[in-house]
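Chains as they are written, first to last, in the working numbering: chain F, 1 to 358; chain G, 359 to 716; chain V, 717 to 1074; chain B, 1075 to 1432. Ideal Cβ positions, reconstructed from N, Cα and C, are used throughout, including at glycine.
4 protein chains.
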Amino acid sequence: MNSIGSAYRISIFGSSHGPFIGASAEGCPAGERISETAIQIELDRRAPGKSAVATSRKERDKVEIISGLLNGKATGAPIVGLIANRDCDSSAYDALRRVPRPGHADYPAIVKYDGHNDHRGGGQFSGRMTAGLVFAGAVARQVLERRKVRVLAETVQIGNIKLDKDIPFSAAEKLVRASPVGCADRKTADLMKDEIVNAHEEKDSVGGVVRCTIIGVPVGVGEPFFGSIESLMSAVMFSIPGVKGVEFGSGFGSAAMRGSESNDPFVVKRGRVATKTNNCGGILGGIATGMPIQFRVAFKPTSSIATPQMSVDIEEKKPVELVVKGRHDPCIVPRAVPVVENSAAAVMLDEMIQGGFL
Amino acid sequence: MNSIGSAYRISIFGSSHGPFIGASAEGCPAGERISETAIQIELDRRAPGKSAVATSRKERDKVEIISGLLNGKATGAPIVGLIANRDCDSSAYDALRRVPRPGHADYPAIVKYDGHNDHRGGGQFSGRMTAGLVFAGAVARQVLERRKVRVLAETVQIGNIKLDKDIPFSAAEKLVRASPVGCADRKTADLMKDEIVNAHEEKDSVGGVVRCTIIGVPVGVGEPFFGSIESLMSAVMFSIPGVKGVEFGSGFGSAAMRGSESNDPFVVKRGRVATKTNNCGGILGGIATGMPIQFRVAFKPTSSIATPQMSVDIEEKKPVELVVKGRHDPCIVPRAVPVVENSAAAVMLDEMIQGGFL
Amino acid sequence: MNSIGSAYRISIFGSSHGPFIGASAEGCPAGERISETAIQIELDRRAPGKSAVATSRKERDKVEIISGLLNGKATGAPIVGLIANRDCDSSAYDALRRVPRPGHADYPAIVKYDGHNDHRGGGQFSGRMTAGLVFAGAVARQVLERRKVRVLAETVQIGNIKLDKDIPFSAAEKLVRASPVGCADRKTADLMKDEIVNAHEEKDSVGGVVRCTIIGVPVGVGEPFFGSIESLMSAVMFSIPGVKGVEFGSGFGSAAMRGSESNDPFVVKRGRVATKTNNCGGILGGIATGMPIQFRVAFKPTSSIATPQMSVDIEEKKPVELVVKGRHDPCIVPRAVPVVENSAAAVMLDEMIQGGFL
Amino acid sequence: MNSIGSAYRISIFGSSHGPFIGASAEGCPAGERISETAIQIELDRRAPGKSAVATSRKERDKVEIISGLLNGKATGAPIVGLIANRDCDSSAYDALRRVPRPGHADYPAIVKYDGHNDHRGGGQFSGRMTAGLVFAGAVARQVLERRKVRVLAETVQIGNIKLDKDIPFSAAEKLVRASPVGCADRKTADLMKDEIVNAHEEKDSVGGVVRCTIIGVPVGVGEPFFGSIESLMSAVMFSIPGVKGVEFGSGFGSAAMRGSESNDPFVVKRGRVATKTNNCGGILGGIATGMPIQFRVAFKPTSSIATPQMSVDIEEKKPVELVVKGRHDPCIVPRAVPVVENSAAAVMLDEMIQGGFL
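As structure tokens, then:
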């Protein structure tokens, strides 16, 4: 399913090795000033081929907006962007028709689509499809920022290296963008980079965790039950390839807590109702409390590794040793940071329009 | 938002202190034999007032099916069930209009609905609404079981007590149902029960983790991206009050793994393609691999505790010490087990019908 | 499919011969004053057994609201109403399992649901289900009326009798409600009544046309393409049993027009942009022009007639002469007037909330 | 709203004067052979600039498929096509910012989008957007035809010229495609052409009616109430610019009928249950009866005419005489024939997949 959202609807389309990928974002209020440059900056953050910790596939990921903007402002029509695929090397994928790569969608996709799926570069399962999420989110964040809602994603774990300090939002924003691994703390970032380089040198890959914080969300955004911020946010987060866990606030840590510890006491801060702690991650009953919304997203290690792996020839039902070729990120997490950040913006805008907050 | 699903659509309705709650389940194939008794058994598992570890609110939770079944079979029309609310004691809720309970939806709900929300018993945010999920799921599981798809949820953590052994599916199924805390291992269950009783005696509450396993799902069930099993499943799980985290397979543990460790090698088992390990939780690219689908759901401690807590009078913007009255579970997890289990069945049926597997 | 709408979502549930039918309306803004009496008045207009021109089935159609209202105001939760079925006489329906009634859904339903459908009283296809539409619409119209948006449906044709005069909106509103056939002009109404009585005496039935007018809709309500007022309105109108045609403004008459005649010239009236004529029915490009929205809905004659008809025994594939028993309206149109009117209100509220007009 | 459909989902995107328009069709079963040539043929039928009765705007409307097909077969991913806009002459549209064209969406769009809408060529309201409908439908029809479901649209009225004979489906199919006005009867087609040429010479335009017939639809396709064939079909038909009425079977004619005349008696034909007449247009209770599905779609005359018209300067609120420039069809009906036909195929495929008929 390539579409999601109610009041702000995202569709992503295309595939890894076709001529274009793209996305449509419907529901941006007419008259909103939307900078194409700002969209391109977000896409550039996600684009491959920029550092030692990323795949060597070269894609400029230059977006062409084909509708929805006129004179720099939203027209009210869906905002649609196209991104050309240039550096497609499909040769490495021919062998995968019969021998699925461990950790990839190859096997269930072959069965589901009876062998007709486009297997080149992962086809419609490619991480490259997340450029469409970034596009739609990069539009949304501009609308949000004008209303003082800001979104920040940051790498808080790579392999066994964890960020163990809190850096204030505005400072972190700049540091994360400057960091090749998306971590605001220089020293931790260096260790994370080493972790990735080590994995790469060992022909292996490594996982990690992205934390996302959204500030400025008005109290009351979100809907009960199936429209909860958690429901909508997790549905989009789990659509990002490689995501295996999502938790809000204290998340899995809550399980070991007592209520007296987990409950966030209400207090008055500068004349406003707030909570003393934020174990709930800024959400109660699915609805924003006015505190920062905070969640963490777990990424598994990149499935494509250069080490030989066990697989099977699915037609002959025989074991096969597989060496995955092609160009791949040893760790997806640094490039996932702008994906989490921008798609979170898209979800938040959807909830805000639905709730009449715009 | 009270409705979710595409091919199998659930709507839940009513509120904690109105005359009825209920649910509608649309999309059950005509002619499926659906036992009302089997539905009632699932509702009974969730019903309050049955043990020392649960609230003393007494509700028989007897369901009346008002459409969709005829002569014990689905007619093709939506299957709709009503459950009467009997033991409503609204007196305890009058104070909450101005002084929100920590950890509850009171505060954002008051702001969102401008004070017009039905605050009695949590209104539309009440955990009691999950009876509707159980109803819709209890229909779905009968359809699934006829196709050899079985769902099992079990308590694997209460506070600091964790289940540390694996019990085979069929054995666990019976043991979980016999256990007051929903844990298949008797010894662990006893420790969990103690944990809950201790929390209760200290006028406190405690959280936990429910693990859900679905076996028999055919390879290929699920859709790419926004229709992934993870996306649809997490959206429903996060709608359950108190859920703060959802992870599939190795989940957050994947973050510290190497790809060579996390990737599940393909093997041939009894003539079928399978994976040696199941770190992916039975899902690759959002689609079922044929291995057991497995995920874990983190619950925070029950928000309502008898210990005095800090809150504020939101009109006068003054601190207030609040003692929450009413009858509450010291730990929601045991009663959440059938909620997770049955709502997982509903999601799985939705995916299976969508994918043409029925 | 029993649910429709985006920002104002309607679900109808139940069936003709179960214990209850009902409906849920989600999206009514919290704090809106909603009169239960006003809802009941609309239901009473649709209720059977009230006049010589209607079925003798007796149903009080008294609604019980089980959630969504508190102290006469919307809480923000779905507003759900239940209506008991009392006068169910299922005996007449036993024969229909094998011999489908001409003009009814019996035959395709039997095939679709493989004989498992609830055939009693038409089951889920029953015109009685439209009470749910009236309920949801009766809530919506109160929200609309507070914003000066008013909806009026009226019978403009029964058989060959057509209303040939225009009666101003406010006057028509009262006259329509006072008329047993729903026609504002007394003389025409008498002729229409005769037409119905004649058909009834001849053991036959007769069709007609309902016209609906909505005034006060702000310019700009509606969305392009699939969200056009026409698309959303027609989807709901065609869900009403017996509807075979929907046209907006000049409708089918437009086909014979020239553009110079059909185009509504813009003029300035009392300082506002308006159109001189209203051939477009108040809608251009799917969006409200600010002029009255006007459409016509064609109803076929009631399918159930007491005259013997040709049918077949679908198992033996043999011709059978069928005499339909049961109690039926000789003309559905008078009771359809409040159905069209109220469901139009529901659609309009949906469009208005979606467009940010509330 | 640019997306519609459940199991077969269409999205259209782009605008009249941007670089591309396009469409996405999601839900085509993997492995279906889809001919790009066959898609192009349908697009060519709709393309402008081909005859005396159409606009002189020249667009090759050559589609480029960017995903969803591999080796001529559907991959299971959304099938996405792009069509370049080449012959954009935006100069004629500059004046419309303040003086809306009668019969066009200009005025409500300017108000709705606060003047930010893309007014060039009608922007997102342009009839050119229907190329996306044709694209998605041309994919769907290939899937349907393989299952013996065939769709035919034909012009049955232009102005006052009406087709008064019935031509068998297969013969009509070829004749309609060969006719510049889309009418199967040569003599009537000539009169229709004259009607259009006359209107054009008088700097005017003319409306008409398209009839659509779908044969081979299995009994049982369609869903009750909001999922009825009529509801889904009309929602798409009314999204086509210029459509003002939709009727099924006897449609508005039913209003003047008696039930004994309108009811289609069941008979056995060649061992199958059928109906003697088809006043219901092949649909009862929203569900296919197995008889041909038939409906009629009324188009108003093209709004753009070269005759001076009355409008207003909406800023100065003053009357203005407007002469619409640009290149326009004197009658939209001939080019609407493939739009109705192909979009009907898309709706039917959606219903068939939903109902499990594929």
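Would you say residue i lies against chain V (beta-carbon separation less than 8 Å)?
| i | result |
| --- | --- |
| Arg-367 (chain G) | yes |
| Lys-420 (chain G) | no |
| Ile-1388 (chain B) | yes |
| Cys-1257 (chain B) | no |
| Asp-1338 (chain B) | yes |
| Ser-612 (chain G) | no |
For residue i and chain F, any beta-carbon pair shorter than 8 Å?
| i | result |
| --- | --- |
| Ile-1140 (chain B) | yes |
| Gln-515 (chain G) | yes |
| Ser-1019 (chain V) | no |
| Lys-683 (chain G) | no |
| Ser-722 (chain V) | yes |
| Leu-1144 (chain B) | yes |
What distance in whole Å lies between the Cβ atoms of residue j and residue i, which are believed to be in contact at a cut-off of 8 Å?
| i | j | result |
| --- | --- | --- |
| Cys-996 (chain V) | Gly-969 (chain V) | Not really, about 12 Å apart at Cβ, beyond 8 Å. |
| Cys-744 (chain V) | Ile-912 (chain V) | That belief does not hold up - the Cβ atoms of Cys-744 (chain V) and Ile-912 (chain V) are roughly 36 Å apart, past 8 Å. |
| Val-1397 (chain B) | Pro-1382 (chain B) | 5 Å |
| Leu-428 (chain G) | Asp-822 (chain V) | In fact, because the Cβ distance is near 15 Å, the residues do not count as touching under 8 Å. |
So, is the C-beta of residue i closer than 8 Å to a C-beta in chain G?
| i | result |
| --- | --- |
| Gly-853 (chain V) | no |
| Gln-294 (chain F) | no |
| Phe-169 (chain F) | no |
| Ser-950 (chain V) | no |
| Leu-842 (chain V) | Leu is not the amino acid found at residue 842 (chain V); the sequence shown has Ser there. It does not; no Cβ of chain G falls within 8 Å. |
| Ser-179 (chain F) | no |
| Ala-790 (chain V) | yes |
| Pro-224 (chain F) | yes |
| Ala-793 (chain V) | yes |
If you follow the alpha helix (DSSP H) that residue i is in, where does it begin and where does it stop?
| i | result |
| --- | --- |
| Gln-1198 (chain B) | Segment: none, Gln-1198 (chain B) is in no alpha helix (DSSP H) and carries neither H nor E. |
| Phe-527 (chain G) | 527 to 536 |
| Thr-395 (chain G) | 394 to 404 |
| Leu-1074 (chain V) | Taken as a continuous stretch (DSSP letters only), Leu-1074 (chain V) belongs to no alpha helix (DSSP H), as it is neither H nor E. |
| Phe-584 (chain G) | Neither: Phe-584 (chain G) is in no alpha helix (DSSP H) and is coded neither H nor E. |
| Gly-1333 (chain B) | 1333 to 1336 |
Taking the alpha-carbon positions, what's the residue i to residue j distance?
| i | j | result |
| --- | --- | --- |
| Phe-1243 (chain B) | Leu-1226 (chain B) | 8 Å |
| Gly-1201 (chain B) | Pro-1174 (chain B) | 17 Å |
| Val-1342 (chain B) | Thr-1363 (chain B) | 13 Å |
| Lys-187 (chain F) | His-328 (chain F) | 26 Å |
| Val-339 (chain F) | Phe-295 (chain F) | 14 Å |
| Met-359 (chain G) | Glu-223 (chain F) | 6 Å |
| Ala-1022 (chain V) | Gly-923 (chain V) | 16 Å |
| Arg-893 (chain V) | Ile-757 (chain V) | 10 Å |
| Gly-473 (chain G) | Gly-617 (chain G) | 51 Å |
What are the boundary residues of the beta strand (DSSP E) that includes residue i?
| i | result |
| --- | --- |
| Arg-150 (chain F) | 150 to 158 |
| Phe-653 (chain G) | 651 to 657 |
Hey, is residue i's beta-carbon within less than 8 Å of any beta-carbon in chain B?
| i | result |
| --- | --- |
| Thr-929 (chain V) | no |
| Gly-943 (chain V) | yes |
What are the residues of the region 368 to 398 of chain G that lie near chain F, defined by any Cβ-Cβ distance shorter than 9 Å? Ile-368, Ile-370
Which residues, in chain order, does the region 447 to 476 of chain G contribute to contact with chain V at a C-beta distance below 9 Å? Of all residues in the region 447 to 476 of chain G, those with a C-beta nearer than 9 Å to a C-beta of chain V are Ala-467, Lys-470, Tyr-471, Asp-472, Gly-473, His-474, Asn-475, Asp-476, reading in chain order.
Contacting positions in the region 692 to 714 of chain G - beta carbon closer than 9 Å to chain V: So the list is empty, because no residue satisfies the distance condition.
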